[in-house]
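Chemist:
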Amino acid sequence: MNTGPEAREGASGPVAVQADRGGTDLVPTLLDGLRGTHPALVLLFGAQGDELAALNDALRPELPPGCVIAGCSSAGEIGPQGYASGSVVAIGFPARHFRAAALILPDLPALPVSAWMASLRQLARDFGHDPARRLFGLMLSDGLTGQEDVLVATLDAALPSVPVLGGSAGDGLDFQVTTLLAQGVVQSNVAVFLLVETDLAIHEVTFAHFSPTATRAVVTAAIPERRRILELNAEPAAAEYARLTGLPHTALTPSEFARFPLLLRMGSRHHVRAISAITDDGGLSLMSAIDTGTVLTLGRVDDMAQGFSDMLEALPGRPLMVLAFDCILRRLALERAGLSERISDLYRRHRVAGFNTYGEQHSGMHVNQTFVGLAFLAPDPPAPFPSPEGVDAA
27 MNTGPEAREG
37 ASGPVAVQAD
47 RGGTDLVPTL
57 LDGLRGTHPA
67 LVLLFGAQGD
77 ELAALNDALR
87 PELPPGCVIA
97 GCSSAGEIGP
107 QGYASGSVVA
117 IGFPARHFRA
127 AALILPDLPA
137 LPVSAWMASL
147 RQLARDFGHD
157 PARRLFGLML
167 SDGLTGQEDV
177 LVATLDAALP
187 SVPVLGGSAG
197 DGLDFQVTTL
207 LAQGVVQSNV
217 AVFLLVETDL
227 AIHEVTFAHF
237 SPTATRAVVT
247 AAIPERRRIL
257 ELNAEPAAAE
267 YARLTGLPHT
277 ALTPSEFARF
287 PLLLRMGSRH
297 HVRAISAITD
307 DGGLSLMSAI
317 DTGTVLTLGR
327 VDDMAQGFSD
337 MLEALPGRPL
347 MVLAFDCILR
357 RLALERAGLS
367 ERISDLYRRH
377 RVAGFNTYGE
387 QHSGMHVNQT
397 FVGLAFLAPD
407 PPAPFPSPEG
417 VDAA
């Protein structure tokens, strides 16, 4: 059994437990790790479809009444030992420090934005946030519907004071079907929003290991609703991308896409518009929004390990856990560079747990090839009681 911080009575922070996805001891292993936390929220990453439904049904009777269970399929997992595949990671959030509520945002392809906004606002009213505690949102979305950009904009408009981060459910590298769980139901074409309150200190962490080059390209033809580039610089998109990168067309694979990302500048920052595949007509299928007339910059990979280590070391304290949404293309780039074990070691040391995604959400944006995480730290100490003038506090 692999566990993160010891699952014990009165756990001080979230606890991660991992087990083989097809193992006969899957449920007992997860329960052994979760029970001691008395969780208010359990997140499940890795199981798919009917497996996810069966796992929910097996865990539900053994967890405390009112515990929220949510999760999704993944493109890979991050467990107590770092990167993994073919496993299920369960993260329990102890009730003594957390409270949560779940909402399903249905019909992603139809974009019922006004209905989503009404539901989100009602959820916030019903939740009754304690202003003495910290409030944040988590979003899990079907990673194949292509609607994350609208979702994050909707959340930002409906709950402008709530920081929200999350990840798009994955399907390995197959890109065929993703599934999500909430309220006892497993579905596709939906998003799951979790409103969470905690008395722990929280700190958002993001890292993208790229920088822009001087090479630019204009999207001269696109199908925005399908996140597809048809032409770059008035040439077939895949062929022009190959020319710009210097790669042969036959070498255009997910690993190479991860090495040479397309970047979109917004304000003073560049964000990845990751490529997922070459289309049959020679276009490029993306994992984020795109439109005709967009100017893209070819990116290059920077140091993927030291910068990430520096970011984690800069946290204001040792995290009780870092909940992670880490792009599958970032993981592929790390594996190609021979750095996956080094990163897994960083994950172990800093108690990082979560899953590999088809996209990441934070700060009102949908991005790619980025690590997005939320670090949970011990509660801030209370302010000292002021001493009488001229008297030192003991």
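Sequential numbering of the sequence shown, starting at 27, is according to the working numbering.
Where is the CB? At the ideal position from N, CA and C, for every residue including glycine.
Just so it is clear, the structure is predicted and the values come from calculations on it, not from any experiment.
Measuring alpha carbon to alpha carbon, tell me which residue in 332, 72, 66 and 59 is nearest residue 368.
Modeler: Among 332, 72, 66 and 59, the Cα nearest to that of residue 368 belongs to 332.
Chemist: From residue 191 to residue 129, what distance separates their C-alpha atoms?
Modeler: So the alpha carbons of these two residues sit roughly 15 Å apart.
Chemist: Hey, would you say residue 257 sits closer than 8 Å to residue 264, going by beta carbons?
Modeler: No, the Cβ-Cβ distance between residue 257 and residue 264 is not below 8 Å.
Chemist: Within the continuous alpha helix (DSSP H) that includes residue 271, where are the two ends?
Modeler: Per DSSP, residue 271 belongs to the alpha helix (DSSP H) from 263-271.
Chemist: Name the one or two DSSP bridge partners that residue 311 has.
Modeler: Residue 311 pairs with 254 and 303.
Chemist: If you run the structure through DSSP and keep just helix, strand and coil, what is residue 78?
Modeler: Residue 78: helix per DSSP, three-state reduction.
Chemist: Leaving out five residues on either side along the sequence, give the residues of the same chain with a beta carbon under 8 Å from the beta carbon of residue 418.
Modeler: Any reading at residue 418 needs caution, since the residue's pLDDT is 44, under 50, leaving its predicted position unreliable; the model's value is listed next. Answer for residue 418: no residue qualifies.
Chemist: Out of 177, 392 and 340, point me to the one whose CA is closest to residue 352's CA.
Modeler: That would be 392, whose Cα lies nearest to the Cα of residue 352.
Chemist: Nearest-angstrom Cα distance between residue 346 and residue 70?
Modeler: Spanning the two alpha carbons is a distance of roughly 19 Å.
Chemist: Let me check understanding here. Comparing Cα to Cα, which of 388, 151 and 109 lies closest to residue 382?
Modeler: Residue 109 is the option with its Cα nearest to residue 382.
Chemist: For a minimum of 3 consecutive residues, which ranges assigned as the beta strand (DSSP E) are wholly contained in the stretch 88-176?
Modeler: With a minimum length of 3 residues, the continuous beta strand (DSSP E) runs that stay inside the stretch 88-176 are 94-98, 103-105, 108-110, 113-120, 124-131 and 160-168.
Chemist: Taking residue 138 as the reference, give the member of 177, 90, 188 and 60 with the closest Cα.
Modeler: Here the closest residue by C-alpha is 177.
Chemist: To the nearest whole angstrom, what separates the beta carbons of residue 376 and residue 348, a pair I think is in contact under 8 Å?
Modeler: The pair is a contact, with the Cβ atoms about 6 Å apart (cut-off 8 Å).
Chemist: Excluding sequence positions up to five away, which residues of its chain have a Cβ less than 7 Å from the Cβ of residue 239?
Modeler: Here the set comprises 323, 324, 325 and 326.
Chemist: Label residue 422 either buried or exposed according to how many other C-beta atoms from any shown protein chain fall within 10 Å of its C-beta, with 16 as the threshold for buried.
Modeler: Outside the displayed range of the chain (27 to 420) lies residue 422, so it cannot be described from this structure.
Chemist: List the residues that DSSP assigns as beta-bridge partners of residue 352.
Modeler: BP columns for residue 352 point to 382 and 397.
Chemist: When DSSP builds the beta bridges, which residues end up paired with residue 249?
Modeler: Residue 249 pairs with 254.
Chemist: Just curious, the beta strand (DSSP E) that residue 338 is in, first and last residue?
Modeler: No beta strand (DSSP E) contains residue 338, which is instead part of the alpha helix (DSSP H) from 332-339.
Chemist: Taking the beta carbon of residue 51 as the centre, do at least 16 other beta carbons fall within 10 Å, making it buried, or is it exposed?
Modeler: Exposed, by the Cβ-count rule.
Chemist: For residue 313, which of 255, 156, 307 and 81 has the nearest alpha-carbon?
Modeler: Residue 255 is the option with its Cα nearest to residue 313.
Chemist: Mind checking whether residue 355 and residue 394 have CB atoms under 8 Å apart?
Modeler: Yes, the Cβ-Cβ distance between residue 355 and residue 394 is below 8 Å.
Chemist: Per DSSP, what kind of secondary structure is residue 291 in: helix, strand or coil?
Modeler: Residue 291: strand per DSSP, three-state reduction.
Chemist: Closest by CA to residue 80, which one among 194, 305 and 53?
Modeler: Among 194, 305 and 53, the Cα nearest to that of residue 80 is on 53.
Chemist: Quick check: residue 316 and residue 248, are their CB atoms within less than 8 Å of each other?
Modeler: Yes, they are a contact pair.
Chemist: Flag this pair as touching only if the stretch 295-303 and the stretch 334-343 have three or more C-beta atom pairs under 8 Å; answer yes or no.
Modeler: Flag = no, the stretch 295-303 and the stretch 334-343 do not touch.
Chemist: State the DSSP-derived secondary structure class of residue 55, mapped to helix, strand or coil.
Modeler: Helix, per DSSP.
Chemist: When burial is assigned at 16 or more other CB atoms within 10 Å of the CB, is residue 197 buried or exposed?
Modeler: Burial call: buried.
Chemist: Which of the three DSSP states, helix, strand or coil, is assigned to residue 224?
Modeler: Residue state, collapsed to three classes: strand.
Chemist: Taking the alpha carbon of residue 74 as the point to measure from, which residue in 151, 282, 112 and 127 has its own alpha carbon closest?
Modeler: The candidate whose alpha carbon is nearest that of residue 74 is 112.
Chemist: Could you check how far apart the C-beta atoms of residue 89 and residue 134 are, in whole angstroms? I think they sit under 8 Å.
Modeler: No, residue 89 and residue 134 are not in contact; Cβ-Cβ is about 28 Å, not under 8 Å.
Chemist: So who's on the other strand from residue 387, going by DSSP bridges?
Modeler: Residue 387 pairs with 192 and 392.
Chemist: Thinking just about the alpha-carbon of each residue, which of 82, 148 and 162 is nearest to the one in residue 209?
Modeler: That would be 82, whose Cα lies nearest to the Cα of residue 209.
Chemist: Taking Cβ positions, are residue 403 and residue 319 nearer each other than 8 Å?
Modeler: Not closer than 8 Å, so no.
Chemist: Report back the beta-carbon spacing between residue 223 and residue 155 to the nearest angstrom; my notes put them in contact at under 8 Å.
Modeler: The Cβ separation is near 6 Å, so the contact holds.
Chemist: Going by DSSP, what residue range makes up the beta strand (DSSP E) through residue 208?
Modeler: Note, residue 208: beta strand (DSSP E), 206-208.
Chemist: With distances taken from CA atoms, which of 228, 231, 166 and 227 is nearest residue 212?
Modeler: The shortest Cα separation from residue 212 among 228, 231, 166 and 227 belongs to 166.
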